[in-house]
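Sequential numbering from 278 applies to the sequence shown in this note's numbering.
Beta carbons: idealized from backbone N, C-alpha and C, even for Gly.
Inspection log for the structure reproduced underneath, given as structure tokens.
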Amino acid sequence: MADRQSSWSAVTPPPPGYLPTHRPPSAPPDLSLQGLPPRPFYREPHRVAALPVLSGLGATTLWFVLFGSLGSDLTSYAWWTILAAAVAWLVAVVLSLVGDRGVAVGVAVASGVGLSIALTFVALRWMSTYDWPLW
Numbered sequence: 278m279a280d281r282q283s284s285w286s287a288v289t290p291p292p293p294g295y296l297p298t299h300r301p302p303s304a305p306p307d308l309s310l311q312g313l314p315p316r317p318f319y320r321e322p323h324r325v326a327a328l329p330v331l332s333g334l335g336a337t338t339l340w341f342v343l344f345g346s347l348g349s350d351l352t353s354y355a356w357w358t359i360l361a362a363a364v365a366w367l368v369a370v371v372l373s374l375v376g377d378r379g380v381a382v383g384v385a386v387a388s389g390v391g392l393s394i395a396l397t398f399v400a401l402r403w404m405s406t407y408d409w410p411l412w
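Structure (structure tokens):
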């Protein structure tokens, strides 16, 4: 069994070399780092805000309501919803590449939720009648 290292009490300082040494603010900079490029910092160039996400959610919800209302039964409703989801996902891809990423996120989320709702109804019909309703 490996030996456990003993910890030091709060009244005694830690062992030498445990804590990093701090340079005073007036100390010259470290000359070994002068030839290196500055450290990178990573930030999103196109930030996603809440208002564009909400507008994408609202527009896609309206899109799904309009397409879903074209269906007269479960089969046509499901196919119209699948078509609406495919078009919405294409729009989300285009928006994420050349447009507003916040709206693309809203469109993608709403289309995923809308498609899940439609396919839940399809699955429930399939489980209750043992007949696949999309054919």
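Length of the line joining the Cα atoms of residue i and residue j
i    : j    : result
W409 : L401 : 10 Å
V384 : V375 : 15 Å
Y354 : F344 : 8 Å
F318 : V325 : 18 Å
G389 : E321 : 24 Å
N-terminal and C-terminal residue of the alpha helix (DSSP H) that residue i is part of
i    : result
V375 : L351 to V375
P329 : A327 to G345
Beta-carbon spacing of residue i, residue j below 8 Å
i    : j    : result
L328 : F398 : no
A363 : F341 : no
H381 : A369 : Before going on, a small fix: residue 381 reads as Ala here, not His. Yes. Within cutoff.
L313 : W356 : no
V386 : L334 : yes
Reduced DSSP secondary structure (H/G/I, E/B, other) of residue i
i    : result
F318 : coil
G391 : helix
R378 : helix
W412 : coil
G383 : helix
L313 : coil
R402 : helix
T397 : helix
Contacting residues, own chain, Cβ-Cβ under 8 Å from residue i (five flanking each side not counted)
i    : result
L331 : G383
Close Cβ partners of residue i (< 6 Å) along its chain, the five nearest in sequence each way excluded
i    : result
G391 : F341
L372 : V380 and A381
Close beta carbons around residue i, own chain, < 7 Å, minus the five adjacent residues each side
i    : result
T358 : F341, F344, G345, G391, L392 and A395
H256 : Any question about residue 256 goes unanswered here, given that the chain covers just 278 to 412.
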